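> Here it is, the structure in full.
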Amino acid sequence: MALFTFDDELTAGQIVDRPNRFVVRVRFDEDPERVFLGDPGALEGILESGRKILCSPVDDPDRSTDYDAIAIDVDGTYVSVRTAFANDLFEELLAADALPAFEGYELRKREPQLPDHGRADFLLHDRFDSPAYVEVKSCTHVEDGIAKFPDRQTERGRRHLRSLAALVDDGDEAHIVFVVQRPDVARFRPYREVDPEFAELLAQVRDAGVTVHAIATAFDPPQYRLYERALPIDLEA
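Count the sequence shown with my numbering and you get residues 8 to 244, in order.
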């Protein structure tokens with residue numbers, strides 16, 4: 008299922024290195040250029056020197072980089088490296104009523120304030136007009152067909168899980184959706200070796216009533232599409 012087409016021009020280059028979490032140096036023609044990287048994850052096995060990367064030129068004199076990194080070619084499969092796209096993809100799927108788990112739900116607000124503190128990614132209302140909060144996480148790390156999150160320790164992610172559990176305790180509906188931004192995947196599990204506390208918390212909040220989902224998308228330049236509506240999920244140790 009087609010989701011949306013990336014209308015901006017994409018420029019292909021070759022990865023040189025990653026000087027920090029938010030910058031990758033890319034060789035387009037001659038000297039390497041700094042490119043903004045919107046995925047602060049470890050990107051192990053993805054962001055490697057010599058690989059092809061697709062970038063979008065940005066015309067903004069106030070920026071220190073002239074390109075955004077969009078996707079990296081990993082052995083013939085494009086892996087999207089724009090974390091923020093996960094929210095856009097979920098919103099497109101919701102509007103198309105393409106996810107059986109959210110059939111009949113409508114978007115009411117992006118980044119709603121939570122009752123105690125912080126924000127969620129989405130506030131939805133179900134067919135009975137009851138509220139449902141959704142947190143979306145972008146996942147790019149895949150090993151032997153298994154998507155794993157997070158690929159770097161995430162206190163922020165653990166805080167989000169606790170907030171979702173608090174919502175359920177207050178009688179609200181809460182969901183977490185892992186959007187795997189690559190199609191070479193068959194199932195999802197938390198990356199226990201990287202962040203064991205997140206893995207334990209995810210199982211705990213699931214047992215407390217937070218619904219856990221995992222979907223997969225594919226990027227066939229310039230188009231994003233849905234690859235799998237509901238990946239099997241394994242939360243056990």
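By construction, the Cβ of each residue, glycine as well, lies at the ideal position given by its N, Cα and C atoms.
Keep in mind it's a predicted model, so treat the numbers as computed, not measured.
1) Work out the CA separation of ALA181 and VAL175 for me, nearest whole Å.
2) For the ligand GDP, any of its heavy atoms closer than 7 Å to the Cβ of ALA237?
3) To the nearest angstrom, how far is it from the Cα of HIS148 to the Cα of GLU51?
4) Please look up how many angstroms separate the CB atoms of ILE22 and SER56, rounded, as I've assumed it's under 8 Å.
5) Closer than 6 Å by C-beta to GLY48: which residues in its own chain qualify, once you throw out the five before and the five after it? Chain order, please.
6) Out of curiosity, what's the CA-to-CA distance linking ASP66 and ASP179?
7) Taking the alpha-carbon of GLU235 as reference, which of GLU243, THR224 and ASP241 has the nearest alpha-carbon?
8) Where DSSP assigns a beta bridge to ALA139, which residues make up the other side?
9) Is GLN188 near ALA9, with beta carbons less than 8 Å apart?
10) Determine, for GLU55, whether the minimum Cβ-Cβ distance to residues of chain B falls below 8 Å.
11) Cα separation between ARG196 and ILE183?
12) With DSSP as the reference, label HIS167 as helix, strand or coil.
13) Please state the DSSP three-state secondary structure of GLU6.
14) State the start and end residues of the unbroken alpha helix (DSSP H) segment that holds PRO203.
15) Do LEU61 and ALA91 count as a contact pair if the criterion is CB distance below 8 Å?
16) Who does GLY268 pair with in a DSSP beta bridge?
17) Taking all protein chains shown into account, do 16 or more other C-beta atoms lie within 10 angstroms of the C-beta of ARG89, making it buried, or fewer, making it exposed?
A quick look at the data gives this:
1) Taking the first residue of the sequence shown as 1, we reach residue 175 at position 168. Taking the first residue of the sequence shown as 1, we reach residue 181 at position 174. Taking the straight line joining both Cα atoms gives about 6 Å.
2) Looking for the ligand GDP in the displayed structure turns up nothing, as the structure carries no ligands at all.
3) In the sequence shown, residue 148 corresponds to position 141, counting from 1. In the sequence shown, residue 51 corresponds to position 44, counting from 1. If I take the Cα positions, the gap works out to 7 Å.
4) In the sequence shown, residue 22 corresponds to position 15, counting from 1. In the sequence shown, residue 56 corresponds to position 49, counting from 1. At roughly 6 Å, the Cβ-Cβ gap stays under 8 Å, so ILE22 and SER56 are in contact.
5) Position 41 of the sequence shown, counted from the start, is the residue given in the question as residue 48. The residues are ASP158 and ARG159.
6) One-based indexing of the sequence shown puts residue 66 at position 59. One-based indexing of the sequence shown puts residue 179 at position 172. Going from the Cα of ASP66 to the Cα of ASP179 covers about 43 Å.
7) Here residue 235 is taken as the residue at index 228 of the sequence shown, counted from 1. When each option's Cα is compared against that of GLU235, the closest is THR224.
8) Position 132 of the sequence shown holds residue 139. Answer is LEU131 and GLU180, bridged to ALA139.
9) Residue mapping note: residue 188 aligns to position 181 of the sequence shown, counting from 1. Residue mapping note: residue 9 aligns to position 2 of the sequence shown, counting from 1. Not in contact: GLN188 and ALA9 (Cβ atoms no closer than 8 Å).
10) Any reference to chain B falls outside this structure, which holds one protein chain only.
11) Against the sequence shown, residue 196 aligns to sequence position 189. Against the sequence shown, residue 183 aligns to sequence position 176. Cα-Cα distance, rounded: 13 Å.
12) The residue labelled residue 167 in the question sits at position 160 within the sequence shown. Three-state DSSP puts HIS167 in a helix.
13) What the structure shows of the chain is the stretch from 8 to 244, and residue 6 is not part of that stretch, so it cannot be assessed.
14) Here residue 203 is taken as the residue at index 196 of the sequence shown, counted from 1. Secondary structure note for PRO203: its alpha helix (DSSP H) is the uninterrupted segment 203-215.
15) Taking the sequence shown and counting its residues from 1, the one referred to as residue 91 is at position 84. Taking the sequence shown and counting its residues from 1, the one referred to as residue 61 is at position 54. No, they are not a contact pair.
16) This structure cannot settle anything about residue 268, because the visible part of the chain is limited to 8 through 244.
17) Within the sequence shown, the letter at position 82 stands for residue 89. Buried, by the Cβ-count rule.
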